[in-house]
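A.B. asks: Just passing along the structure, written as structure tokens.
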Amino acid sequence: MWAFLSERIRGVNIGPFGVVFDRVVGESITLSELFDIFDDYAASEGAPFTVALDEVQEARGYKSLQAAIAHSYDYNSHVRFVLTGSQVGLLEDFLGERDASAYLFGRAINRVEVKRLSKERSLDFLNKGFHACGVKPPEELERVVEALDGIVGWLAHYGNYKIKGLNTNEIMRSAVILELEEVKKLRGKYYQPILQALAQGGASWSYIYRFVSAAVDTSERQFNEALKQLVKYGYVEKSEEGYTIADPVLRLAITKNWEKIW
1 MWAFLSERIR GVNIGPFGVV FDRVVGESIT LSELFDIFDD YAASEGAPFT
51 VALDEVQEAR GYKSLQAAIA HSYDYNSHVR FVLTGSQVGL LEDFLGERDA
101 SAYLFGRAIN RVEVKRLSKE RSLDFLNKGF HACGVKPPEE LERVVEALDG
151 IVGWLAHYGN YKIKGLNTNE IMRSAVILEL EEVKKLRGKY YQPILQALAQ
201 GGASWSYIYR FVSAAVDTSE RQFNEALKQL VKYGYVEKSE EGYTIADPVL
251 RLAITKNWEK IW
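Numbering of the sequence shown is given in the UniProt record's numbering, commencing with residue 1 and proceeding in unit increments.
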């Protein structure tokens with residue numbers, strides 16, 4: 001692979017989006033041209049070439065990436081894309097599923113949704129992970145599974161740092177800090193009160209609206225837009241019973257009682 005690329009690409013430079021590839025002849029190379037090179041390589045090998053992009057919703061403002069993927073979808077028969085994201089609504093925005101003017105609108109996709117694991121499957125997931133690493137599973141696993149509520153990412157986070165020697169309190173602290181850093185990115189004045197209203201458990205629309213109205217001046221239109229965005233971001237889940245905070249670690253972070261669990 002690298003021998004194939006070295007004949008076509010001179011170097012790699014870090015750019016504002018990620019990496020910038022330079023041609024041997026000295027010109028910049030576009031992402032579409034890079035995917036063309038991947039396609040040529042895959043054709044020469046008789047096997048597909050897979051491009052995996054993690055947390056791709058973070059790149060939803062980069063139209064050039066969307067255009068390059070659309071180009072590859074149309075013209076590169078040997079290139080496959082795996083796009084992952086933890087914020088489903090924003091990932092759907094990147095894919096342009098509801099925007100006819102989007103580059104990727106109308107392209108066929110295969111969706112794989114990673115749902116919460118049951119208590120039994122969560123325990124099995126962690127036990128197998130520890131055994132695979134040659135580590136005896138900790139006795140606290142049931143408490144951990146109850147706290148992390150089957151979220152695969154947090155189960156993996158716990159297992160990874162437990163193997164590295166961190167105690168559970170340190171692991172939970174690092175998880176909470178990660179969530180708080182994400183929440184800080186929310187700029188609207190309604191987001192924090194909505195999350196605080198939901199921190200103790202599920203609530204109806206009317207309860208959340210009254211809670212937020214008591215905290216900040218708002219209107220139903222502004223409130224509904226903020227609540228809709230939190231659902232899109234994946235912070236809040238909507239069901240027939242009302243609204244809940246989707247992430248157990250975020251819930252712990254907002255209530256500030258995560259230390260009491262351990």
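Using N, Cα and C, we set each Cβ at its ideal position, and we do this for glycine too.
#1: On a Cα-Cα basis, can you pick out the residue from L180, P193, I69 that is closest to V56?
#2: With H, G and I counted as helix, E and B as strand and the rest as coil, what does DSSP make of Y103?
#3: Take the Cβ of A175 as the centre, count every other Cβ of all protein chains shown within 10 Å, and call the residue buried at 16 or more, exposed below.
#4: Would the stretch 72-87 count as touching the stretch 126-137 if we require 3 or more Cβ pairs under 8 Å?
#5: Just confirm the distance between the C-beta atoms of R251 and A199, as a whole number of angstroms; I'd bet it's less than 8 Å.
#6: To the nearest angstrom, how far is the alpha carbon of K232 from that of L91?
#7: Pick out whichever of A215, E113, I194 has its Cα sitting closest to the Cα of W205.
#8: Kindly indicate which three-state DSSP category L53 falls into: helix, strand or coil?
#9: If I measure Cβ to Cβ from N76 and keep anything under 6 Å in the same chain, skipping five residues before and after, which residues do I get?
#10: Straight-line CA distance for D217 to K184?
#11: Cα separation between V25 and A43?
#12: Can you give me the start and stop residues for the beta strand (DSSP E) that E139 sits inside?
#13: Among residues of its own chain, excluding the 5 on either side of C133, which ones have a beta-carbon nearer than 7 Å to its beta-carbon?
#14: Find the nearest neighbour of H78 within the set I109, L31, I37, judged by alpha-carbon distance.
C.D. replies: This is what the structure gives:
#1: I69
#2: coil
#3: buried
#4: no
#5: 6 Å
#6: 9 Å
#7: I194
#8: In this structure, L53 counts as strand in the three-state DSSP scheme.
#9: F35, D39
#10: 21 Å
#11: The predicted position of V25 is uncertain, since its pLDDT is 49 and thus under 50; a value taken from the coordinates is nonetheless stated next. Straight-line Cα distance between these residues: approximately 23 Å.
#12: Segment: none, E139 is in no beta strand (DSSP E) and carries neither H nor E.
#13: Contacts found: I163.
#14: I37
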